[in-house]
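In our numbering, each residue's number is its place in the sequence shown (first place is 1) plus 1117. We put the beta carbon where it would ideally sit given N, CA and C, even for glycine. Since the structure comes first, as structure tokens, the remarks are kept for the end.
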Amino acid sequence: MTDISAIREGSGQRPGARQDPRLAWWRAARFGMFIHWGLYAIPAGIWKGQEVPGIGEWIMHRARIPVREYEQLARQFNPTRFNAAEWVSLARRAGQRYIVITAKHHDGFCMFDSKVTTYDIVDATPFGRDPLKELAAECQRQGIRLGFYYSQTQDWHHPDGDGNDWDYDESRKDFDGYLEHYVKPQVRELLTNYGPISIIWFDTPRRITPAQSQSLVELVHDLQPDCLVCGRVGNQVGDYASTGDNRIPTTVVEADWETPATINDTWGYKVTDHNWKSPRVLIHTLVDIVSKGGNYLLNVGPTAEGVIPQPSVERLLAMGDWLAVNGEAIYGAGPGPIQGLHWLRTTAKPGKVYLHVLSWPPDGEVRVPGFTGAVRRAYLLADPARAELPVRTHPDALLITVPARAPDPIDTVIVLETEA
Ligand code: H79
1118 MTDISAIREG
1128 SGQRPGARQD
1138 PRLAWWRAAR
1148 FGMFIHWGLY
1158 AIPAGIWKGQ
1168 EVPGIGEWIM
1178 HRARIPVREY
1188 EQLARQFNPT
1198 RFNAAEWVSL
1208 ARRAGQRYIV
1218 ITAKHHDGFC
1228 MFDSKVTTYD
1238 IVDATPFGRD
1248 PLKELAAECQ
1258 RQGIRLGFYY
1268 SQTQDWHHPD
1278 GDGNDWDYDE
1288 SRKDFDGYLE
1298 HYVKPQVREL
1308 LTNYGPISII
1318 WFDTPRRITP
1328 AQSQSLVELV
1338 HDLQPDCLVC
1348 GRVGNQVGDY
1358 ASTGDNRIPT
1368 TVVEADWETP
1378 ATINDTWGYK
1388 VTDHNWKSPR
1398 VLIHTLVDIV
1408 SKGGNYLLNV
1418 GPTAEGVIPQ
1428 PSVERLLAMG
1438 DWLAVNGEAI
1448 YGAGPGPIQG
1458 LHWLRTTAKP
1468 GKVYLHVLSW
1478 PPDGEVRVPG
1488 FTGAVRRAYL
1498 LADPARAELP
1508 VRTHPDALLI
1518 TVPARAPDPI
1528 DTVIVLETEA
């Protein structure tokens, strides 16, 4: 049985996309960096001396900050420590194969040079630079794919965007006009002025109609046929499915899907959020997702100075260290044959099964119940000599003799060479 409740909460994949070769790179990539960066990094979760509950990038909504007040933040936005080369290099060292950054979040502030509004980083801030342009150039240079997050339905700054009911009367909004005259010209800018863009990551479809979602997908594909559209464009017309935020299906899902997730709790920088997941939890989450056929889009929330918080950097580098040794079992791998055991995840490629041992057995023997296929040889992925591990096949289990101590206390990968 396939549990898709985690995906229903997000958004699904259009029929037929499962065979689409445009997704080949994305299916192999498995791990990406999400970046939530905008004006909300300035208050960082604190408004007028009070902590505002919830995720940092929602502060305008949660505190019902009037547009005229919130937009003043732009006058202070001067992230002089922003360095595109460093961010891209961090993603690469973390083993992430793509980056998706907020071009416009729900607050409506544009982190790129838009001719459709002056409410953007080049026109409205002392910084005056276009960070998306710098990131696009750097991604080209360092060979990593770039995507843009764009909030197509919610826009708390635009009078006709969805979501702001404290400045504007929701019943008088011309949402179609906003889509035609604001969203579409901006999507055109994003897909015209920044070179090849690999993903447009729409979010929170809400009131968008099937025809409106479809017309956005067509616009993206007309401008850049290879650019993927995330399922959150709404109405099941995206190129791949998205789960709910931080949601992971309980078992394999037969779709191209992705879990967007946080390292702490917030997406946009929040100074009081210290609830950092451990490297162990993050690596296990990556492995869990890949073992069920998905991608992991893991977020960082840079500060208003343009710095990725050090706890995020440390965790990403730990993931990169693990991937440098074990990447073969992640990149280009899909779900393995054994599912549903708490201590084990399996991934696979043609001719190989990867056993991810998440908690090491005390008695020098890994027992895999339900594994009945023929095994030619077994070895530790981390062992450059590929020394053979003794294997016995039982009618109902595979028994592998292993070192007494876990070679990698987080996840030791055993490679099984199977009949191809
Ligand atoms: O961009 C990130 C989030 O800002 C965005 N999706 C990810 C990728 C997102 N948009 N909506 N939601 C997530 C659902 C938000 C729900 C809540 Fe709230 C925001 C719960 C707490 C803050 C709104 C305000 C509902 C309750 C208070």
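First through last residue of the beta strand (DSSP E) which encompasses threonine 1464: 1461 to 1466
Which whole-angstrom value describes the C-beta separation of arginine 1432 and proline 1396, a residue pair presumed to lie in contact below a C-beta threshold of 8 Å? Contact holds; Cβ gap of about 5 Å.
Looking only at its own chain, which residues have a Cβ that is under 8 Å from the Cβ of threonine 1535, when we skip the five neighbours before and after it? Gly1468, Lys1469, Val1470, Gly1490, Ala1491, Val1492 and Arg1493
Using three-state DSSP, classify valine 1404 as helix, strand or coil. helix
Can you pull the DSSP bridge partners for alanine 1514? According to DSSP, which records beta bridges pairwise, alanine 1514 is partnered with Pro1486 and His1511.
Is there at least one non-hydrogen atom of the ligand H79 closer than 8 Å to the beta-carbon of phenylalanine 1151? yes
For proline 1094, the three-state DSSP class (helix, strand or coil): Any question about residue 1094 goes unanswered here, given that the chain covers just 1118 to 1537.
Please report how far the alpha carbon of leucine 1472 lies from the alpha carbon of threonine 1270, in whole angstroms. 42 Å
Pairs of beta-carbons, one from the region 1162 to 1173 and one from the region 1399 to 1408, closer than 8 Å: are there three or more? no
Indicate the three-state DSSP secondary structure (helix, strand or coil) for leucine 1506 in the structure shown. coil
Measure how close the beta-carbons of aspartate 1277 and aspartate 1291 come, nearest whole angstrom, since I'm counting them as under 8 Å. 5 Å
Between the CA atoms of aspartate 1480 and leucine 1140 - distance to the nearest angstrom: 43 Å
Write down every uninterrupted run of the beta strand (DSSP E) in the region 1370 to 1415 whose length is 3 residues or greater and which is fully enclosed by it, in chain order. 1374 to 1378
Measure the alpha-carbon distance for aspartate 1137 versus histidine 1153 and round it to whole angstroms. Looking at the backbone, the Cα of aspartate 1137 and that of histidine 1153 are separated by about 29 Å.
DSSP on tyrosine 1471, reduced to helix/strand/coil? Looking at tyrosine 1471 - three-state DSSP - the assignment turns out to be strand.
With 16 other CB atoms within 10 Å as the buried threshold, where does asparagine 1363 fall? exposed
Compute the Euclidean distance between the alpha carbons of alanine 1211 and glycine 1361, then round it to the nearest angstrom. C-alpha separation (whole angstroms): 24 Å.
Stretch-stretch touch, CB-based, cutoff 8 Å, three pairs: the region 1210 to 1226 with the region 1258 to 1267: yes
Using only alpha-carbon positions, find the residue among Pro1520, Thr1529 and Asp1390 that is nearest to alanine 1446. Thr1529
Look up proline 1452 in the DSSP assignment and give the residues it is bridged to. Thr1464
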